[in-house]
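To keep things clear, I will list the structure first and then write my remarks on it.
There are 2 protein chains.
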Amino acid sequence: MIPYKEKKVISIGTVTELTGLTERKIRYYEERGLISPKRTERGTRKYSFSDIETLMNIADKREEGVQTKEIKKDMDNEKKMANIRDDLLRGQLNAHFNLRR
Amino acid sequence: MIPYKEKKVISIGTVTELTGLTERKIRYYEERGLISPKRTERGTRKYSFSDIETLMNIADKREEGVQTKEIKKDMDNEKKMANIRDDLLRGQLNAHFNLRR
DNA sequence: CGTGTAAGGAATTCTGACACG
DNA sequence: CGTGTAAGGAATTCTGACACG
């Protein structure tokens with residue numbers, strides 16, 4: 009199971025088609041730290057399917073009038089929560105298997 | 009579960025990096041019917057992760073000296089076998105659920 | 001048959017800036 | 001703050017062809 013979803017291989021032109029956003033917006037959201045495309049040696053941006061999903065969520069939030077700063081805060085928060093959840097789960101699994109030893 | 013693997017969004021330059029093949033070879037294998045990238049309105053080729061896997065298999069076969077015609081025959085055959093298998097499975101499932109009715 | 005290469009054109013992508021608000 | 005646009009350069013991609021074998 010290779011993580012195709014996270015592989016950064018899509019150029020910005022294709023992203024505009026997939027998301028309906030302009031290049032300008034996409035680059036601006038990067039500037040604000042909402043997404044982090046990879047750069048080729050030459051400097052062209054490469055996005056993953058995951059980035060595209062994020063961009064579509066951003067587009068929805070922006071339509072609701074949410075500012076990029078707010079969107080970023082929410083996204084960072086979600087990641088934090090996910091990490092806490094994963095840490096807890098890991099801890100429980102470890103405790104479980106340690107007890108069984 | 010979106011089929012990222014089949015979505016044709018990768019341009020040929022990225023494919024050369026991912027597969028190690030030259031553009032010439034990639035286009036030639038298309039000419040021989042081994043792969044079928046999508047074309048944008050403007051005419052640039054777009055490949056899927058699935059296409060990339062196919063290309064890597066082709067590269068291996070070519071190194072073994074297998075001709076493209078032979079490779080195509082094998083690939084077509086594999087697809088045929090997969091279809092037969094799927095048809096059989098579908099038939100069994102249908103029979104199963106019909107009997108239960 | 002399979003692949004390299006030079007050729008010329010057309011579209012892509014990038015950055016920094018000015019604009020409006 | 002968020003986005004549009006014109007500007008100029010650099011790299012990408014395409015096709016058809018000649019080459020070698």
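Protein sequences, first through last, are from chains E and D. Position in the first sequence (from 1) plus 8 gives the number in my numbering. Position in the second sequence (from 1) plus 8 gives the number in my numbering. The beta-carbon is built from N, C-alpha and C at its ideal position, and this holds for glycine as well.
Would you decide whether residue i is buried or exposed? Buried here means 16 or more other CB atoms lie within 10 Å of its CB.
i               : result
Ser44 (chain D) : exposed
Asp94 (chain E) : exposed
Lys77 (chain D) : exposed
Would you say residue i and residue j are within 8 Å of each other, going by their C-beta atoms?
i               : j               : result
Lys54 (chain D) : Thr62 (chain D) : no
Lys42 (chain D) : Met83 (chain D) : The displayed chain sequence assigns Leu, not Lys, to residue 42 (chain D). Going by C-beta atoms, Leu42 (chain D) is nearer than 8 Å to Met83 (chain D).
Ile20 (chain D) : Ile34 (chain D) : yes
Ile6 (chain D)  : Ile79 (chain D) : Because chain D in this structure spans residues 9 to 109, residue 6 (chain D) falls outside the shown range and cannot be described.
Ser58 (chain E) : Lys13 (chain E) : yes
What number of angstroms, rounded off, separates the C-alpha of residue i from the C-alpha of residue j?
i                : j                : result
Glu72 (chain D)  : Glu86 (chain E)  : 50 Å
Glu31 (chain D)  : Val23 (chain D)  : 8 Å
Ala90 (chain D)  : Gly51 (chain E)  : 42 Å
Lys81 (chain D)  : Ala103 (chain E) : 54 Å
Tyr15 (chain E)  : Phe105 (chain D) : Reading the sequence as shown, one finds Lys at residue 15 (chain E) and not Tyr. Going from the Cα of Lys15 (chain E) to the Cα of Phe105 (chain D) covers about 41 Å.
Gln75 (chain E)  : Glu39 (chain E)  : 14 Å
Gly28 (chain E)  : Pro11 (chain D)  : 20 Å
Ser56 (chain E)  : Leu96 (chain E)  : 28 Å
Gln100 (chain E) : Leu101 (chain D) : 40 Å
Lys69 (chain D)  : Lys46 (chain E)  : 32 Å
Met64 (chain E)  : Tyr37 (chain E)  : 12 Å
Ile92 (chain D)  : Arg98 (chain D)  : 10 Å
Quiz item: Residues in the stretch 54 to 85 of chain E with C-beta within 8 Å of chain D's C-beta atoms, listed in sequence order?
Solution: Shown in chain order are the members of the stretch 54 to 85 of chain E whose Cβ falls below 8 Å from a Cβ of chain D: Lys54 and Phe57.
Practice problem: Determine which residues of the stretch 12 to 25 of chain D have a Cβ less than 7 Å from any Cβ of chain E, and write them out in chain order. | Solution: Here the close residues are Tyr12, Lys13, Val17, Ile18, Ser19 and Thr22.
Quiz item: Enumerated in chain order, which unbroken segments of the beta strand (DSSP E) with a length of 3 residues or greater are wholly contained in the stretch 16 to 84 of chain D?
Solution: Annotation note: the stretch 16 to 84 of chain D contains the following uninterrupted beta strand (DSSP E) runs of length 3 or greater, listed N- to C-terminal: 53 to 55.
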